Every structure is written in structure tokens, then in C-alpha cells.
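Student:
Residue numbers (our numbering), protein chains in the order written: chain A, 1101 to 1319; chain B, 1101 to 1319.
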């Protein structure tokens, strides 16, 4: 999943997939401003200023502040969905696929915690049509995790009393990494991901796989 | 723990412990405004207006907007700490105490999700002294959960590879209920609390207690 870090919020060039360059810089500035001050306290003038551009230059790329939030939210949610569907479609046991989903999903939320917070906390600020679109992406993310857990239950690998609630709790646990990661985290995104994969396998009472998932159960 | 719901954000009279009445109404209005629009996008004029009061009347009770946030944050964190320390100090096995902590902590975060979001997401907006005070309350909350988990490990009840990381994950899982509860929840705060208590006992690989914790492991 190295590509995720390189294309969204990576160290070298965040949001490299967004072009042209001015549109990319504005998106980076918008994430920072929304994360620091909240969507409603941020003006398009603030965002243009952070990007070293004029408000008029911003309007060439984004007609409204909401369009910026929608762009950020859609890219963030599409990455999350890609991570979860890749794991759901992967080869291997349900435990291996669930561990993979959690490891990569946590890594993304830790490594891109500023984007993730905007994506998660500013959902209500989206316009009705954009919100519907994003809720559909979230429904599909949820479905990918449920699919893995259901497969594990059917194969007798997992013991889960209530699959939808467990899938929601797994995603919730991983998403909240974006809230605390910067403040209290003493570990790398990779280490948190591996530790969480182990915790989630416990939540579904997974039988110990023959080969332990890579990096799980760290001291 | 019924008193928690009655004294903070309860159905009948939220924040009943705060007085006089005008100060209480302003606090309720501030929680709503901060939760809806964010701290930075909210003015003291907005808050006074929501409470049906003049800005001048607000200043009698709160000198700054930050004072309102601090008051909300301190009461919220003190309630959280009370819930967790009560469970840590309770009689019973570590599994029973951990289940009690999770059940009540989740119930509070589900039942008071608006307050909880403000308390959790606007930490950076507190002034330095107030932040230090709140971080100390959080440290003590964390310590209460670690204490229960450590007791369980020492008694051979729990199998946990890394206690501090597990305590953080348990709190994080419960806190994030405040983010999704209103949007996706189909269950009562009590039901979510009972379901989560079971999930957390799985996270610590608790041995099945002789009598199952009340309400855990619902279908």
C-alpha cells in the first residue's frame, strides 16, 4: 500500500494525484486550514493565502469552499475503500485478510491523520448530493469489512455474535487513530497498524493461524 | 451511573449541576453551537443568541469563549474520570470491572455524543493552562483503565501483549462511539455499551467468568 502514502499527504508531495499544481497546493492548504480551525471558521481567502495565491486564483480551480471539502472527502474515502476492498478481495484466510485490512487502514489513518480528521469530522458540512455520494462510499467500505468477517464466521475461523456491529466497531477503532495519533502516539503508523491487527483478531476470536500474521502481537 | 445522565446533558435538564440557571443555559447553548459549527466559527454573540440572552448577559457568567469551552471540557472529563475510577475501585474480578468501565463509558459517550465531540475535538482550542489541567484528567483516566488491565494480567485473567497500547485502544474504541452514534446507531446507549463490553473482554483475551457480566454478549 506504499502508493497510498505517496499519492495522498505523502512526505514528498502530498496529493500528487491532484493537478494542476495550483489545484494541488490549494487542496493541501485547505486540509491544513480545515484541520486547524474547522470548516466553518475557514474562508476561501484563508485557503488562498496559505497556498500563496489570490482568492481570484482559487476560484479558477474551485468554485466554492464546499467543492474543496468534497474533493478532500472523496479522495480520502476512495483511498479507504480501496484499502478495504483490496484486503477483502485478497487471497488467504479470513484472519489474514482482516489483519491486512486493519494494518493498512490504520497506517493510512495514522500517516494522514490531518486529512482523516477533516474527512471524518466535517461530513455534515457537505452539500446534500455530495453527502449522499460519500455515504455510499462509506456503505461500501463497511460492506468490505463485513464480507471478510462473514467469510471468517462461515469458515469457522471467527466467533462473532453480531457481524454488523463488529464491523462497525473495527472500522471505528481504526478511524479513531486519526484523533489521537499525533498527540499521544509513540509508535510509527506501521507499528500501530500491526498492534491493532492483533487486537481486531482477538475481537473476532480468531483461531491462531498456522503462520502468525506478519507483525502482529508485538511487545 | 444514572446520575451521570441526569447531571450532564440529561433529557430533563442538561447540565443541571451548573448554576445559576442563566449560566447553565449558556453552557447548553455553547455545546450545541460548538458541536454544529466548531469552536472557532462560533462567537459569544451566537451563544448568547441561542440561549435567548444578550452578549452583555453572557459576560456576567463567562468572560471569554474559551472559558465556556474549558467549563464544558472539565465537566466532561471529570465525568469520564469518575466513571472509570468507580469501575477501577469496584469489587469483583478484573473482567467484571473492565466490563463495567466500558459499559458506562460507552453509555456516556453515546448518550452525550454532542458534548463528547466538543470535549474530544476542540482540545487544541483550550488555553495552555486549561489544556494542562485537562491532559492531567486524561492521564488519570488512562491510568484507571491500565490499572484494571494490569490487575487482570497479574491475576492470570487476561492475556495482553502490551498494556499501555491496549488501554489506549479500549478508551479510543469507546470515545469514537460519540462520532458515529447519532449517524449510524440503531441501538440504545445501553445496548452499545453491553456489546462493547463483550468486544473489549475479547481484546484482552479474558477467560470466561463464572457468571457472565450483566448484559454482555448480546445477539
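Beta carbons: idealized from backbone N, C-alpha and C, even for Gly.
Note that the structure is predicted; figures quoted are calculated from it, not measured.
Against chain A, does residue 1318/B count as a neighbour if the rule is that its beta carbon must be under 8 Å from one of theirs?
Tutor: Reliability of the predicted coordinates at residue 1318/B is poor, the pLDDT of 43 falling under 50, and the value obtained from them is presented with this limitation in mind. So yes, residue 1318/B belongs to the interface.
Student: Going by beta carbon distance, what residues of the same chain come within less than 7 Å of residue 1288/A, once the five residues before and after it are set aside?
Tutor: Excluding positions up to five away in sequence, the list is empty.
Student: Our contact map puts residue 1219/B next to residue 1177/B with C-beta atoms below 8 Å; I'd like the distance itself, whole angstroms only.
Tutor: Correct: roughly 7 Å between the Cβ atoms.
Student: Under the rule that 16 or more other beta-carbon atoms within 10 Å means buried, what is residue 1162/B, buried or exposed?
Tutor: Under this definition residue 1162/B is a buried residue.
Student: Name the residue from 1125/B, 1199/B, 1250/B and 1193/B whose alpha carbon lies nearest to the alpha carbon of residue 1168/B.
Tutor: Among 1125/B, 1199/B, 1250/B and 1193/B, the Cα nearest to that of residue 1168/B belongs to 1125/B.
Student: CB residue 1194/B to CB residue 1147/B, shorter than 8 Å?
Tutor: Contact flag unset, no.
Student: Any chance you could list the alpha helix (DSSP H) runs of at least 4 consecutive residues sitting entirely within the stretch 1209–1293 of chain B, in chain order?
Tutor: Runs found: 1213–1221, 1228–1254, 1263–1275 and 1277–1284.
Student: Work out the CA separation of residue 1173/B and residue 1118/B for me, nearest whole Å.
Tutor: So the alpha carbons of these two residues sit roughly 13 Å apart.
Student: Terminal residues of the continuous alpha helix (DSSP H) containing residue 1174/B?
Tutor: Looking at the DSSP string, the run of the alpha helix (DSSP H) that includes residue 1174/B is 1165–1189.
Student: Spell out whether any CB of chain A is found under 8 Å from the CB atom of residue 1269/B.
Tutor: True, the Cβ-Cβ gap to chain A drops below 8 Å.
Student: What residue does the alpha helix (DSSP H) around residue 1149/A start on, and which one ends it?
Tutor: 1144–1150 is the extent of the alpha helix (DSSP H) around residue 1149/A.
Student: Can you give me the Cβ contacts of residue 1244/B inside the same chain, cut-off strictly under 8 Å, excluding the 5 residues immediately before and after it?
Tutor: Taken in chain order, the residues that qualify are 1181, 1184, 1185, 1187, 1188 and 1201.
Student: Under 8 Å Cβ to Cβ from residue 1151/B, same chain only, skipping five residues before and after it: list those, please.
Tutor: Contacts found: 1122, 1125, 1126, 1128, 1129 and 1158.
Student: Kindly list the residues whose CB is nearer than 8 Å to the CB of residue 1142/A, restricted to its own chain and excluding five residues on each side of it in sequence; keep chain order.
Tutor: The residues are 1130, 1133, 1134 and 1165.
Student: Identify each residue in the stretch 1139–1166 of chain A for which the Cβ-Cβ distance to at least one residue of chain B is less than 8 Å, and report them in chain order.
Tutor: Flagged, chain order: 1139, 1140 and 1141.
Student: Are the beta-carbon atoms of residue 1217/A and residue 1279/A separated by less than 8 Å?
Tutor: Contact flag set, yes.
Student: Which stretch, first to last residue, makes up the alpha helix (DSSP H) that contains residue 1135/A?
Tutor: 1121–1137 is the span of the alpha helix (DSSP H), which, as asked, contains residue 1135/A.
Student: Less than 7 Å between C-beta atoms, sequence neighbours within five positions excluded: which residues of the same chain meet that for residue 1274/A?
Tutor: The answer, listed in chain order, is 1202, 1205, 1206, 1209 and 1296.
Student: If the cut-off is 7 Å on Cβ atoms, which residues from the stretch 1112–1127 of chain A count as contacting chain B, listed in chain order?
Tutor: Under the 7 Å Cβ criterion, the stretch 1112–1127 of chain A contributes no residue.
Student: If the cut-off is 8 Å on Cβ atoms, which residues from the stretch 1241–1273 of chain A count as contacting chain B, listed in chain order?
Tutor: For the stretch 1241–1273 of chain A, which is checked against every Cβ of chain B, the residues closer than 8 Å are 1261, 1262, 1265, 1266, 1268, 1269, 1272 and 1273.
Student: Given residue 1263/B, which residues of its chain have a CB within under 8 Å of its CB, disregarding the five upstream and five downstream residues?
Tutor: Here the set comprises 1246, 1249, 1250 and 1253.
Student: Taking buried to mean at least 16 other C-beta atoms within 10 Å of its own C-beta, is residue 1114/B buried or exposed?
Tutor: So residue 1114/B counts as buried.
Student: Mind checking whether residue 1276/B and residue 1276/A have CB atoms under 8 Å apart?
Tutor: Cβ distance < 8 Å, so residue 1276/B and residue 1276/A count as in contact.
Student: Chain A beta carbons: is any one of them nearer than 8 Å to that of residue 1208/B?
Tutor: Judged by the 8 Å Cβ criterion, residue 1208/B is not in contact with chain A.
Student: Would you mind reading off the limits of the alpha helix (DSSP H) that contains residue 1306/B?
Tutor: No alpha helix (DSSP H) holds residue 1306/B; DSSP gives it neither H nor E.
Student: So which residues on chain B does residue 1305/A lean against when the C-beta distance must stay under 8 Å?
Tutor: Residues of chain B passing the Cβ test: 1302.
Student: Whose C-alpha, out of 1294/B, 1291/B, 1238/B and 1282/B, is nearest the C-alpha of residue 1272/B?
Tutor: For the residues 1294/B, 1291/B, 1238/B and 1282/B, the minimum Cα distance to residue 1272/B belongs to 1238/B.
Student: Step through the CB atoms of chain B and report whether any lies within less than 8 Å of the CB of residue 1299/A.
Tutor: So, interface residue.
Student: Measure from the C-beta of residue 1275/B to each C-beta in chain A and report whether the shortest distance is under 8 Å.
Tutor: Yes - at least one Cβ of chain A is within 8 Å of the one on residue 1275/B.
Student: Thinking C-alpha only, which one of 1222/B, 1140/B and 1306/B is nearest residue 1257/B?
Tutor: The candidate whose alpha carbon is nearest that of residue 1257/B is 1306/B.
Student: Three-state secondary structure (DSSP) at residue 1114/B?
Tutor: It is coil, neither helix nor strand.
Student: DSSP state of residue 1140/A, grouped into three classes?
Tutor: Three-state DSSP puts residue 1140/A in coil, outside helix and strand.
Student: Taking the continuous alpha helix (DSSP H) assigned at residue 1159/A, which residues delimit it?
Tutor: 1155–1161 is the extent of the alpha helix (DSSP H) around residue 1159/A.
Student: Could you tell me which chain B residues have their CB closer than 9 Å to the CB of residue 1295/A, listed as they occur along the chain?
Tutor: Ordered by position in chain B, the residues that pass the 9 Å Cβ test against residue 1295/A are 1261, 1262, 1265, 1266 and 1269.
Student: Using a beta-carbon distance below 8 Å, is residue 1203/A in contact with chain B?
Tutor: So, not an interface residue.
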